[in-house]
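Encoded as structure tokens, the structure appears first; notes follow it.
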Amino acid sequence: MTRTRTYLWLSALAAGVGALIVSVHLLDPADQGATVSEPGIALNERRAERSWSKVSVPRYGLSLAYPPDWQAHISGNDFLPVITVAPEGELAAPLRDPSANHTHLTIYPRGMPEQLTIPGARREIAGENEALMSVTRFDLVDGSPWALRARFAHTEDLPELGELARAWGPQAALVAALSVEGSVVWCERHGERVPDEDCDPLFGDVWVRDGGVSSASWQTLERILASVTVDTTHPDNRVEEPVLARPEPFSRVRSPLVVAGTSPRGYAFEGFIRVTVHDSENRLLGEAFVRYDLDSGEFSGTLTFDDPITEDGTLTLHPPGIPTDQELPLITTPLSFAR
3 MTRTRTYLWL SALAAGVGAL IVSVHLLDPA DQGATVSEPG IALNERRAER
53 SWSKVSVPRY GLSLAYPPDW QAHISGNDFL PVITVAPEGE LAAPLRDPSA
103 NHTHLTIYPR GMPEQLTIPG ARREIAGENE ALMSVTRFDL VDGSPWALRA
153 RFAHTEDLPE LGELARAWGP QAALVAALSV EGSVVWCERH GERVPDEDCD
203 PLFGDVWVRD GGVSSASWQT LERILASVTV DTTHPDNRVE EPVLARPEPF
253 SRVRSPLVVA GTSPRGYAFE GFIRVTVHDS ENRLLGEAFV RYDLDSGEFS
303 GTLTFDDPIT EDGTLTLHPP GIPTDQELPL ITTPLSFAR
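All residue numbers for the sequence shown refer to the numbering used here, where the first residue is 3 and numbers rise by one.
Written as structure tokens, this is what we have:
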């Protein structure tokens, strides 16, 4: 491998985003409809916002942007996937419980696995993002917003969406929340506090939350929310990207790993495509340059990786990092490591 080739390959961004098939690249949130910084916001925050990352999941036609100090993660399985963006270090929090005290935005394309309770005063608000509907905001005792729940508008027309209808469920939902400082949660019945074990929201009891949140953090969450889009274009009409045949998403793998699929030529350099394996904490376990056939568009090869510490990880196909007319995203698929 020449030194020039190595330099070009290493210029591609590493990614630890778990996804069924996930694309990641940098963008200006303003180009995606995200709220632009107000005049009073410092210059360094403006620069940070322009370097936000974008995660897109072609299977769902879904994309959203998030700040450089956040991470994206996909968990669950093919039947009940969970897509989350959260500040670095918070992804390990229990994603299935949005009332837990951590900052995140989580999307459930096929619906929530169970009915989830979000404490706080409920307010139905007018959503500014046309991809969402039935937007409910949850406030703390002092009236500060700390959480939000919404449904996806396109799910009302699933029978008309062809392939997309098989990826989304009619109960698809989004939940966003902030970490609450000094959080205290209790149950009230007719304005009177009752023991938590006696709380029954089905009969009018309400969960109340007190504490403090950062208004700047809520503005960041709103900007992420504004960037959420769903492309209802049929997958066959979207921009061509690599298709990974082996390994399949969420499959259990061990080293050495056979990698195979098809790809447009833009992902190959001198007849090879760079492939990496990371664990769920974004540690690089191994990489390989698999051979690419220019005539058939097929690639295949074997990748050897170190023993993982975590149970899950990702396999990523990298574009070569050569400037082109079309910006090529990373292509990532989730894996489970066999023990």
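Cβ coordinates follow ideal geometry from the N, Cα and C atoms, glycine included.
A quick note: this is a predicted structure, and the numbers were derived from the prediction, not measured.
Sequence-distant residues of the same chain with beta carbon closer than 8 angstroms to residue i, five excluded per side
i, result
"Thr105", "Ala88, Pro89, Glu92, Ala179, Leu180, Ser181, Ser219, Leu223"
"Asp113", "For clarity, residue 113 is Gly in the given sequence; the question names Asp instead. For Gly113, where only same-chain residues beyond five positions count, the Cβ hits under 8 angstroms are Leu82, Gly171, Pro172, Gln173, Ala174, Ala175."
"Val261", "Leu246, Arg248, Pro249, Val277, Ala290, Val292, Phe301, Ser302, Gly303, Thr304, Leu305, Leu317"
"Ala270", "Tyr294, Leu296, Phe301, Pro322"
"Val196", "Cys189, Glu190, Asp207"
Buried versus exposed call for residue i [16 or more other C-beta atoms within 10 Å across all chains shown]
i, result
"Ala290", "buried"
"Phe205", "exposed"
"Thr304", "exposed"
"Thr119", "exposed"
"Thr306", "exposed"
"Arg124", "exposed"
"Leu296", "exposed"
"Ala102", "exposed"
"Asp159", "exposed"
"Ser55", "buried"
"Ala133", "buried"
"Arg341", "exposed"
"Leu320", "Note that residue 320 corresponds to His in the displayed sequence, not to Leu. Flag for His320 reads buried."
"Pro244", "buried"
"Pro203", "exposed"
"Glu194", "exposed"
"Ile127", "exposed"
Other residues of its chain near residue i: CB distance less than 7 angstroms, five sequence neighbours each side excluded
i, result
"Ser146", "Val215"
"Gly213", "Leu142, Val182, Glu183, Gly184, Ser185, Val186"
"Pro251", "Leu22, Asp80, Thr335, Pro336"
"Asp71", "Pro89, Glu90"
"Pro310", "Asp281, Leu287, Phe339"
"Asp308", "Leu287, Gly288"
"Phe274", "Phe291, Val292, Arg293, Tyr294"
Where residue i sits in the DSSP three-state scheme
i, result
"Glu224", "helix"
"Pro203", "helix"
"Thr306", "coil"
"His156", "helix"
"Gly214", "strand"
"Pro321", "coil"
"Ala179", "strand"
"Arg191", "strand"
"Ala174", "coil"
"Asp141", "strand"
"Ala167", "helix"
"Ser219", "helix"
Other residues of its chain near residue i: CB distance less than 6 angstroms, five sequence neighbours each side excluded
i, result
"Met211", "Correcting the residue identity first, residue 211 is Arg in this sequence and not Met. So the list reads Pro121, Gly122, Leu142, Val187, once near-sequence residues are dropped."
"Tyr62", "Pro111, Ala169"
"Val255", "Pro249, Leu337"
"Ser282", "Thr312, Asp314, Gly315"
"Leu150", "Arg139, Ala178"
"Glu190", "Val208, Val210"
"Ala66", "Per the sequence shown, residue 66 should be read as Leu rather than Ala. Once the five neighbours on either side are set aside, the close Cβ partners of Leu66 are Ser229, Val230."
"Leu317", "Val279, Thr335, Leu337"
"Cys201", "Cys189, Asp207"
"Phe154", "Ala174"
"Pro258", "Thr304, Thr306"
"Thr264", "Val245, Gly299, Glu300"
"Leu107", "Val87, Ala178, Ile226"
Closer than 7 angstroms to chain D by CB, residue i
i, result
"Pro115", "Absent from the structure is chain D; it holds one protein chain and no more."
contact_flag[the stretch 127 to 147, the stretch 74 to 85] where n(CB pairs < 8 angstroms) is 3 or more:
no
Runs of beta strand (DSSP E) wholly within the stretch 52 to 114 (minimum 3 residues, chain order):
55 to 59, 64 to 68, 72 to 78, 83 to 89, 106 to 110
Complete beta strand (DSSP E) runs within the stretch 223 to 301 (minimum length 3 residues, chain order)
245 to 248, 259 to 264, 274 to 281, 286 to 294
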